[in-house]
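Asker: Below is a structure I'd like to ask you about.
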């Protein structure tokens, strides 16, 4: 049985790539006479906070407190993202505006639940000393009083080869656990962190080989990665197959749970938020993996970016208990 603790005493800082996720929803009833393409009859638009901002919303959903920092553009998408966060009571002092770069904005067109097209509006932020100084100051201000920090990399420019080590060093100066959700480009730069959470595809690309789901193969890959990174806990997410974890006490796997998968978008954000909250509370790796695994599965049952809440988790667990009792 999964035990989900109260996270109301937990305060997590989230630093990384911010984005606005827009969902344009409609129905396809015909093909265009102008070209062999489907015509989407527009019905609604939904704007959501994405990337590192979605991690912050997941921390709030779990009952914790969230501090957030990252870059946004001085544009309409940036205004929308700031408003979305303020409605959830996330203050905007950590949102750093850039004059010459747009807010990362992903627009998805959906025929009901089916994705037709995604359009990305973005420009990767190049490194310079002035931006790094602003970045370090903003992060340093947010870290005070936090119990963990999530470094959320989507390769949009918050992290680069010049600043990763300095960011980790700053976090360690505040003596709080560092949790990383990596992407490919900077995978091996996040040295010596407390919890490192790649997914299977990212691990394969980093190691340069295909991995099977056999326990020996996963164990070897996790050992190789953990040794090279020097991280305390390596948590490899395997989609519907659950998670694999390696720490100083050994390797273990936790299976996934049957889900009505609608959309995997944002599931990793839910996993990393739960892992950070669990680490901040001092939970064991097994308990962290159990809660994070459950949260990632729940996020997949909803279309679009969907922060998981503590109420949803407990309701889903209660439903399983009820079903099990009535089946026995």
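Numbering (this note's numbering), first residue to last: 13 to 340. The C-beta atom is built at its ideal place from N, Cα and C for all residues, glycine as well.
#1: Could you tell me which uninterrupted beta strand (DSSP E) segments, each at least 3 residues in length, are contained entirely in the region 204-270, listed from first to last along the chain?
#2: Compute the Euclidean distance between the alpha carbons of residue 189 and residue 19, then round it to the nearest angstrom.
#3: In terms of residues, what are the limits of the beta strand (DSSP E) holding residue 57?
#4: Under a three-way DSSP split, which group does residue 157 fall into?
#5: May I have the straight-line CA-CA distance separating residue 290 from residue 259, to the nearest angstrom?
#6: What does a CB cutoff of less than 7 Å around residue 146 pick up in its chain, not counting 5 residues either side in sequence?
#7: For residue 109, list the residues DSSP reports as bridge partners.
#8: Count the CB pairs spanning the region 286-302 and the region 200-219 that are closer than 8 Å, and state whether there are at least three.
#9: Judging by CA-CA distance, which residue of 202, 40, 249 is the nearest neighbour of residue 239?
#10: Would you call residue 31 buried or exposed, if buried means 16 or more other Cβ atoms sit within 10 Å of its Cβ?
#11: Given a cut-off of 9 Å on the beta-carbon distance, is the pair residue 115 and residue 84 in contact?
#12: Candidates 37, 319, 284: which alpha carbon is nearest residue 161's?
#13: Which partner residues of residue 173 appear in the DSSP bridge assignment?
#14: Return the first residue and the last residue of the beta strand (DSSP E) that residue 192 is part of.
#15: Assuming residue 310 and residue 325 are in contact, meaning their beta carbons sit under 8 Å apart, how far apart are those beta carbons, in whole angstroms?
#16: Is it buried or exposed, residue 111, if we count other Cβ atoms within 10 angstroms and call 16 or more buried?
#17: Does the beta-carbon of residue 320 have 16 or more other beta-carbons within 10 angstroms, so that it is buried, or is it exposed?
#18: Provide the residue span of the beta strand (DSSP E) that contains residue 27, from first to last.
#19: How is residue 320 classed by DSSP in three states: helix, strand or coil?
#20: Excluding the 5 residues preceding and the 5 following residue 244 in the sequence, name in chain order all residues of the same chain whose CB lies nearer than 8 Å to its CB.
#21: Does the Cβ-Cβ distance between residue 164 and residue 63 come in under 9 Å?
#22: Mind checking residue 194: buried by the 16 CB within 10 Å criterion, or exposed?
#23: Please go through the same chain and pick out, in chain order, the residues whose beta-carbon is closer than 6 Å to the beta-carbon of residue 5, but skip the five residues on each side of it.
#24: Candidates 192, 322, 229: which alpha carbon is nearest residue 29's?
#25: Using CA atoms only, rank isn't needed, just tell me which of 73, 41, 49, 144 is closest to residue 286.
#26: For the beta strand (DSSP E) that residue 132 lies in, which residues bound it at each end?
#27: On a CA-only basis, which of 71, 77, 79, 37 is nearest residue 59? Give me that one, please.
#28: Using only the alpha-carbon positions, how far apart do residue 1 and residue 257 sit?
#29: Compare the C-alpha of residue 323 against each of 24, 71, 280 and name the closest.
#30: Going by C-alpha to C-alpha distance, which of 133, 252, 88, 226 sits closest to residue 264?
#31: In the DSSP assignment, find the unbroken alpha helix (DSSP H) run with residue 123 in it and report its ends.
Answerer: Judging by the given coordinates:
#1: 245-249, 255-259, 262-266
#2: 16 Å
#3: 50-63
#4: coil
#5: 15 Å
#6: 108
#7: 84
#8: yes
#9: 202
#10: buried
#11: yes
#12: 284
#13: The partner list for residue 173 (beta bridge, DSSP) is empty, contrary to what the question assumes.
#14: 190-193
#15: 7 Å
#16: exposed
#17: buried
#18: 23-28
#19: coil
#20: 205, 206, 207, 259, 260
#21: yes
#22: buried
#23: Here the chain has residues from 13 to 340 only, and residue 5 is not among them.
#24: 192
#25: 73
#26: 126-133
#27: 37
#28: Given a span of 13 to 340 for the chain in the structure shown, any question on residue 1 remains unanswerable.
#29: 71
#30: 226
#31: Looking at the DSSP string, residue 123 is not in any alpha helix (DSSP H); the run it does join, the beta strand (DSSP E), is 117-123.
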